[in-house]
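Accompanying notes for the structure given below.
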Amino acid sequence: MPKLSLRPNVLKLSSLIASAALLSACQYTPVPKGEPEKHYDFDHKVHYEQITYNDDLYRLAIKPDSYTHFRQQSVFLLRHAKRLCQGSHPQLTLLSGVQEFDKLPLEPRPYQNDLTVEVKCVAK
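Numbered per mature numbering (1 follows the signal peptide of the UniProt record, and there is no 0), the sequence shown spans residues -20 to -1, 1 to 104.
The following block contains the structure:
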């Protein structure tokens, strides 16, 4: 009876697992500073773009989805700015996207722009 050896199969399997682990480790490439990065926040249900200029300056653009969703977007902005600044005070500058709030407008609402904010982290 011939002897069966598991050694070649184990070597093939272990090399396959090792190469798969190496390939998956090399998959993530960080976005260069100044380039937009698209995200989705599951808690607030917000699609947004983030541009990181440096560790203290960011630009956030929230994609509009509904007129009544503004409150969640505002809360998201405050929480995300606090998370970005990590111990510093976030200073938010509204660049565009805020509209008047009319519960029952008399005319159709125009196309809603992105809610764009610049976040600057100021030392305490």
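No residue lacks a Cβ here, since even glycine has one placed at the ideal position from N, Cα and C. Since this is a predicted model, take the numbers as computed values, not measurements.
Measure the Cβ-Cβ separation of Ala61 and Val99 and say whether it is below 7 Å. yes
To the nearest angstrom, report how far apart Tyr28 and Asn(-12) are at their CA atoms. 48 Å
CB of Val97 within 7 Å of CB of Leu40, strictly: yes
Under 7 Å between the Cβ atoms of Leu95 and Gln53? yes
Between which two residues does the alpha helix (DSSP H) harbouring Val55 extend? 50 to 65
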